[in-house]
Amino acid sequence: MLNIQEVEADSYAHDDVFKQVTKMICSPMPIIPKRGCLNTARYILVITELKDLQRVGDFVAHEQMVHKQIAFAVDPDMQASLQIERAMALYFQNKIKDAKIILKIVLKQEPNLKNPGILGGRALNLLTAIYKREGKYGHAMTCVERARTYLEDQDSPNDKAELHHSYGALITSMPAAKNPKTSRATKEEAYNTYEMAGHCTTIERFNEYVHVKMAALLLDSCANAVKTVTDRFPCKEDVIKAKKHLDLVEFREAADHKMPLGTRIKLLILRSDQYRCEENVATALKKAQEASDLVDQHCFKLEFDSAKKRIDILAAMLRQENEEWLNSELRSSNGYIADSESANSE
126 MLNIQEVEAD SYAHDDVFKQ VTKMICSPMP IIPKRGCLNT ARYILVITEL KDLQRVGDFV
186 AHEQMVHKQI AFAVDPDMQA SLQIERAMAL YFQNKIKDAK IILKIVLKQE PNLKNPGILG
246 GRALNLLTAI YKREGKYGHA MTCVERARTY LEDQDSPNDK AELHHSYGAL ITSMPAAKNP
306 KTSRATKEEA YNTYEMAGHC TTIERFNEYV HVKMAALLLD SCANAVKTVT DRFPCKEDVI
366 KAKKHLDLVE FREAADHKMP LGTRIKLLIL RSDQYRCEEN VATALKKAQE ASDLVDQHCF
426 KLEFDSAKKR IDILAAMLRQ ENEEWLNSEL RSSNGYIADS ESANSE
């Protein structure tokens, strides 16, 4: 467990990590190519199918497929890849402890792997998210630094993109991001790392998720405002910019209807924040409820608290608006009656 001094020191030390991570972005001449099964058509097909099951939230079928593939996998790199996919599915279901155990086992298999840099970096990227969620920022930053070392000079742009994303998500969760003196600079740094992730990735779906995360940064003060009914919102320019990110993602979704479940839920939550910033409480509540319905339908527990918190606050706001409207109508009605009685008495 980190004490306060360690957390503060960690939050101010991330500038050096940012410089190191940015040096690594998408080398046009990778020194270390993929080896063994990672180059095979079978590997690509298996991992793609597992990603598709994650995308639609079919975690039961996902676990069944992982179990079946592991039973036949003799290659250590294939086994490690399958375990990482299993850990990812568990993470989406908020089964954090189980995911962490699996990833630590994968990292211990490094001496047996043909691609330790890629697979180790991939495992560490997910561990970064897990430690961030647990509030263990020192451990999370260590994972970022280790992942950078693992992935440097590797022919794996998508894992490098995930590293940039992990780093951006981490620094916005740390104490410095909540400090009024440093929050704006931290947000801009995270926004830049998300842009790097988008430039680096070759996966369109991940690029869309990055746009959603960039919108989340811009709407951050609105997300914090769901704690109370009276909190303030981000500036109008940030809301407009965030809306453009979300519109772009929805435009692409309209073309092929293949948006991953996690991205869809996050987008709905952010649309809720956007509409609340625009003082459209009824539509904001509708979007939050749509997100909650998807969470319940697919057991996507990672966003359960976010959706529920918004529903509770927005429902209270809507009741307050309705009460104020009713009281206003009653006052107007009473005033009209009083004026009528006065006129009749004359």
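Counting from 1 along the sequence shown, just add 125 to a position and that's the residue number in our numbering.
Don't be surprised by glycine CBs; every beta carbon is placed ideally from N, CA and C.
Remark: C-beta atoms of leucine 392 and leucine 410 do not approach each other more closely than 8 Å. Alanine 341 sits close to leucine 395, with the two beta carbons spaced by under 8 Å. Take serine 308, set aside five residues on each side of it, and the residues of its chain with a beta-carbon closer than 6 Å to its own are Ala302, in chain order. Note that the region 250 to 258 touches the region 209 to 225; at least 3 beta-carbon pairs, one per stretch, sit closer than 8 Å. Of Gly182, Cys402, Glu287, Pro305, the smallest CA-CA separation from methionine 384 is found for Gly182. From the listed residues Ile172, Asn240, Glu375, the smallest Cα separation to proline 201 is found for Asn240.
Leucine 276 sits away from glycine 323, with the two beta carbons spaced by 8 Å or more. In the three-state scheme derived from DSSP, where H, G and I count as helix and E and B as strand, glutamine 279 is classed as strand. Under the three-state reduction of DSSP, isoleucine 156 is assigned to coil, being neither helix nor strand.
In the displayed model, threonine 326 falls within coil according to three-state DSSP, outside both helix and strand. For lysine 383, no alpha helix (DSSP H) segment is defined, and its DSSP state is neither H nor E.
Excluding its 5 nearest sequence neighbours in each direction, alanine 416 has C-beta neighbours in its own chain below 6 Å: Ile390, Leu393, Ile394, Ala432, listed in chain order. Annotation for leucine 344: no alpha helix (DSSP H) segment contains it, and DSSP assigns it neither H nor E.
Between aspartate 418 and the set Met442, Tyr292, Leu386, Cys402, the nearest pair of CA atoms involves Leu386.
With contacts defined by Cβ atoms closer than 8 Å, glutamine 399 and alanine 367 form a contacting pair.
Around lysine 176, the same chain offers Glu210 as residues with beta carbons nearer than 8 Å, after the five sequence neighbours per side are excluded.
Each of Met299, Gln218, Ile157 was checked against the Cα of aspartate 421, and the nearest Cα belongs to Gln218. Linking tyrosine 216 to lysine 361 through their CA atoms gives a straight-line distance of about 34 Å. Looking at the backbone, the Cα of aspartate 381 and that of glutamine 189 are separated by about 27 Å.
Straight across, the Cα-Cα distance linking valine 374 with leucine 244 is about 29 Å.
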